[in-house]
Amino acid sequence: MKITNLVERGAEYLYVKLGEAVVAIQQVALVKGHPMWEVERKSGTGLKKRLIVPARSLAPLPGGQ
Numbered sequence: 350m351k352i353t354n355l356v357e358r359g360a361e362y363l364y365v366k367l368g369e370a371v372v373a374i375q376q377v378a379l380v381k382g383h384p385m386w387e388v389e390r391k392s393g394t395g396l397k398k399r400l401i402v403p404a405r406s407l408a409p410l411p412g413g414q
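The working numbering puts the first residue of the sequence shown at 350, with every later residue one more than the last.
As C-alpha cells, this is what we get:
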C-alpha cells in the first residue's frame, strides 16, 4: 500500500517530531523516493528558523488552519 502525502507551499502543518506548527516553503529534494521540504518555524522570541524535514513528518493542523 502506497501512502501519498500532499504538501502545499505556504500552508501550515504540524511537524510531528517537534510538536510545533510550521509553514511549508518549498520541496528541496527526494531522498530514497521521499520528498523533503524546507519549512519555517517561529520561536517564542519572534525569530524564524528553517528546517529540512521529510514530508511524511508533516501533518495537517487540526481545524484546517
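Cβ coordinates follow ideal geometry from the N, Cα and C atoms, glycine included.
Backbone CA spacing between residue i and residue j [nearest angstrom]
| i | j | result |
| --- | --- | --- |
| Leu-363 | Lys-381 | 23 Å |
| Val-356 | Gly-393 | 25 Å |
| Lys-398 | Leu-367 | 13 Å |
| Val-372 | Leu-379 | 19 Å |
| Trp-386 | Val-402 | 5 Å |
| Ser-406 | Val-388 | 11 Å |
Local Cβ density within 10 Å of residue i, reported as buried at 16 or more and exposed below that
| i | result |
| --- | --- |
| Leu-396 | exposed |
| Val-377 | exposed |
| Val-365 | exposed |
| Leu-410 | exposed |
Whole-number beta carbon distance between residue j and residue i, since they are thought to touch under 8 Å
| i | j | result |
| --- | --- | --- |
| Arg-300 | Gln-375 | Lying before the first or after the last residue shown, residue 300 is absent from the chain, which here runs from 350 to 414. |
| His-383 | Ala-404 | 7 Å |
Those runs of the beta strand (DSSP E) which lie wholly inside the stretch 369-404 and span at least 3 residues
Qualifying beta strand (DSSP E) stretches, in chain order: 369-380, 383-391 and 397-403.
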